[in-house]
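Visitor: Handing you a structure now.
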Amino acid sequence: MWRRCSNSASRGARGDPDPVRAHPTGTVRPGGYPPHRGQRAPTRGPPGCGPGPRRPPHRSQRLGRVAAAPRRTRARHPGRGGGVTGGTPHEPTTPSAGADPIAARLTALVERLAERGASVDTAPAHRGWQAATALVLAPGDQDIEVAIIERTRREGDRWSGQLALPGGRREAPDRTLAETASRETREEVGLVLGPAVAQVGQHRARVRSGIVFCYAFVLDEPRWMTPDPGEVASAWWVPLGALTDPGNATTLRYAGLPFPAIDVQGRALWGLTLKLLERFAELADLELATG
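Using my numbering, the first residue of the sequence shown is number 511, and each one after it goes up by one.
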């Protein structure tokens, strides 16, 4: 099973995750994913989800990926802190392929996205509201991993409680929509991103004629994520293989209608986020679990 970083306030209010509670109108197959080989459960809870930074476990001891501990680079970055709670975020870096097959796969994937995706500066003129999300990719121990969040449940929020990519609406200071995606990611989960690789998707929302763009970013490893309790209840590093495994395909019923979805730790990833991931999959020569 994967570890996740939850806000203590949200965790106390909602209790343990419940697929039916999270999606009262949907049917989500419960279950988890097996731990990687050589991993063992921590004895004091997930690192980084407690009241302060802890020494990260050895890579062979990690369960899944939720806010993976950053490598210590004090010699190169004197004075930088690490961990989920507190400390200065690490500067974004890109993966070095070297002898790491996962990093090599990610490098090839990034090259495809840069070649086939739209320019970062491309955005059609639009009179309605605009928003941007960040598809953050990083090389994990056994697979490329994607940052996925669960939105905090709030009254009047159409996407309340849903799984999503970090992101939000464009604000006046944002010079580009890619900058919107980067800013929102930093505010929501504390990840500092470098330049976007490419625009990998867009979708016109039905709510007041809005449009949502998706931009790909890359890190050298899955870094700690610090959920903002006002917007994010939990955050995961999800293996890309979990999103493409046909065994994780499921269906969610909304307003009496069935919608395709992907089971992520007993929660349904569907709707707008699934639409954006489908476009990314096309550019990356991948096929999502939903086909």
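We put the beta carbon where it would ideally sit given N, CA and C, even for glycine. On a predicted model such as this, the values are computed, not experimentally measured, just so you know.
Take residue 754 and list the residues in its own chain whose beta-carbon comes closer than 8 angstroms to its own, dropping the five residues that flank it on each side.
Guide: For residue 754, where only same-chain residues beyond five positions count, the Cβ hits under 8 angstroms are 791, 796, 797, 798, 799.
Visitor: Since residue 645 is in the beta strand (DSSP E), which residue starts that stretch and which ends it?
Guide: Residue 645 -> beta strand (DSSP E) spans 640-649.
Visitor: Let's test the definition: count the other Cβ atoms within 10 Å of the Cβ of residue 700 and tell me whether it reaches 16, buried, or not, exposed.
Guide: Under this definition residue 700 is a buried residue.
Visitor: Answer yes or no: do residue 741 and residue 698 have a C-beta to C-beta separation smaller than 8 angstroms?
Guide: Yes; because the gap between Cβ atoms is below 8 angstroms, this pair is in contact.
Visitor: Kindly indicate the opening and closing residues of the beta strand (DSSP E) around residue 660.
Guide: Unbroken beta strand (DSSP E) run through residue 660: 654-661.
Visitor: Could you have a look at residue 737 and say whether DSSP puts it in helix, strand or coil?
Guide: Of the three classes helix, strand and coil, the one that applies to residue 737 here is coil, per DSSP.
Visitor: Note down, in chain order, each residue of its chain lying with its Cβ closer than 6 angstroms to the Cβ of residue 769, except the 5 sequence neighbours on either side.
Guide: These residues qualify, in order along the chain: 762, 780.
Visitor: Please state whether DSSP places residue 756 in a helix, a strand or coil.
Guide: Helix at residue 756.
Visitor: For residue 723, which option in 648, 785, 614 has the closest C-alpha, if you only look at C-alpha atoms?
Guide: Checked all of 648, 785, 614; the closest Cα to residue 723 is 785.
Visitor: Curious, which full-length beta strand (DSSP E) runs of at least 3 residues does the stretch 708-734 contain?
Guide: Complete beta strand (DSSP E) runs here, min 3: 708-714, 721-728.
Visitor: Is the beta carbon of residue 727 sitting closer than 8 angstroms to the one on residue 752?
Guide: The answer is no: Cβ separation not under 8 angstroms.
Visitor: Kindly list the residues whose CB is nearer than 6 angstroms to the CB of residue 672, restricted to its own chain and excluding five residues on each side of it in sequence; keep chain order.
Guide: Here the set comprises 661.
Visitor: If we ignore side chains and look at the alpha-carbon of each, how far apart do residue 782 and residue 714 end up?
Guide: Using only the alpha carbons, I get a separation of about 9 angstroms.
Visitor: Under 8 angstroms, do residue 711 and residue 641 count as touching if we go by C-beta distance?
Guide: Not in contact: residue 711 and residue 641 (Cβ atoms no closer than 8 angstroms).
Visitor: Whole angstroms are fine: how far does the CA of residue 663 sit from the CA of residue 676?
Guide: Near 15 angstroms, if we compare the C-alpha coordinates of residue 663 and residue 676.
Visitor: What residue range is occupied by the uninterrupted beta strand (DSSP E) comprising residue 744?
Guide: 742-749 is the span of the beta strand (DSSP E), which, as asked, contains residue 744.
Visitor: For residue 674, collect the residues of the same chain with a Cβ closer than 6 angstroms to its Cβ; drop the 5 residues on either side in sequence, then sort them by chain order.
Guide: Result list for residue 674: 659, 661, 783, in chain order.
Visitor: Rounded to whole angstroms, what is the Cα-Cα separation between residue 760 and residue 730?
Guide: Looking at the two C-alpha atoms, the distance is approximately 31 angstroms.
Visitor: Looking only at C-alpha atoms, which of 704, 716, 646 sits nearest to residue 638?
Guide: Ranking 704, 716, 646 by Cα distance to residue 638 puts 716 first.
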